[in-house]
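Each remark here refers to the structure printed beneath this line.
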Amino acid sequence: TTEIYTLSLHDALPISSIYGVQAPTREGFARYEHEASSARSGILGHISFLALNSHIASSSATLRGIFVRKVFLCGEIPAPPVNVDTSIPEPIVGAATLRDRVQRHLEEDSCAQCHQRMEPLGLGLENFDAIGRYRTHDNGALIDASGDVDGVAFQTPREFGQVLAHDPEAMRCAAANFYRYAHGHRNSGLEEEAIVDIESRFAQSGYRILELMRAVAMHDSFSRVAEARP
3 TTEIYTLSLH DALPISSIYG VQAPTREGFA RYEHEASSAR SGILGHISFL ALNSHIASSS
63 ATLRGIFVRK VFLCGEIPAP PVNVDTSIPE PIVGAATLRD RVQRHLEEDS CAQCHQRMEP
123 LGLGLENFDA IGRYRTHDNG ALIDASGDVD GVAFQTPREF GQVLAHDPEA MRCAAANFYR
183 YAHGHRNSGL EEEAIVDIES RFAQSGYRIL ELMRAVAMHD SFSRVAEARP
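Just so it is clear: in the sequence shown, position 25 is 27 by the working numbering, and no numbers are missing.
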């Protein structure tokens, strides 16, 4: 499906220009529907997500990968070892793209255990720069935005979103996150049964978000509290 974004012509840097589309109105905000062939798909194509998970002047496969792993897949990433070198080499001939330059993190034993859980995800969004503008090249070199979500391959950012949308772990994570948000706290072990029940209802609906919200709100756990313990 195509995606809807809110655009304005009167921002300091018009949002429409970042999305690379013509502003649909000269004043205020208006809806814009991207073509089905657009590289953008879902939240992974929103400049809010892309810019938030970047450095000031450059994209970051690490930050974007961490967000996807922790928020969309409910995964854990250990803290880096003390005094580990987290720097990324500057672009040079033969290593112009970020994929080329983070290769050390993916190969060295001291780095790879954690970075293999982040960069293969974040590199799938390298077609978007630090503020979320679409691009095909980085420092003059063609960007390779392929990757995989725990073994399921994708070639483009849009395919990345489609893989996530069909990933069972991502759907379980979405249900758990909605539950936590609605209840206002991280769930305890006593609430796992309720979350599993909500996940089941979510799956039966064909993973419709509105049905997930309904399942959370109508579940007994939403209107009851556990008995006080001595």
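Ideal Cβ placement from N, Cα and C applies to all residues, glycine included.
Asked	Found
Whole angstroms are fine: how far does the CA of Arg216 sit from the CA of Phe204?	9 angstroms
Less than 9 angstroms between the C-beta atoms of Leu214 and Ala176, yes or no?	yes
Would you kindly report the start and end of the unbroken alpha helix (DSSP H) that includes Val165?	159-167
Assuming contact is defined by CB atoms lying nearer than 9 angstroms, are Gln157 and Ala147 in contact in what I supplied?	yes
Might you give, ordered along the chain, the residues of its own chain that have their beta carbon closer than 6 angstroms to the beta carbon of Ile49, omitting 5 neighbours on each side?	Ile20, Gly134
Between which two residues does the beta strand (DSSP E) harbouring Glu35 extend?	31-35
Can you grab the Cα-Cα spacing for the pair Ser62 / Cys116, in whole Å?	15 angstroms
Please classify Asp222: is it buried, with 16 or more other beta-carbons within 10 angstroms of its beta-carbon, or exposed?	exposed
Measure the Cβ-Cβ separation of Asn179 and Val70 and say whether it is below 9 angstroms.	no
Using CA coordinates, which residue listed in Met120, Ala196, Pro26 is at the minimum distance from Thr64?	Met120
Going by C-alpha to C-alpha distance, which of Asp152, Ile211, Ala132, Glu128 sits closest to Ala143?	Glu128
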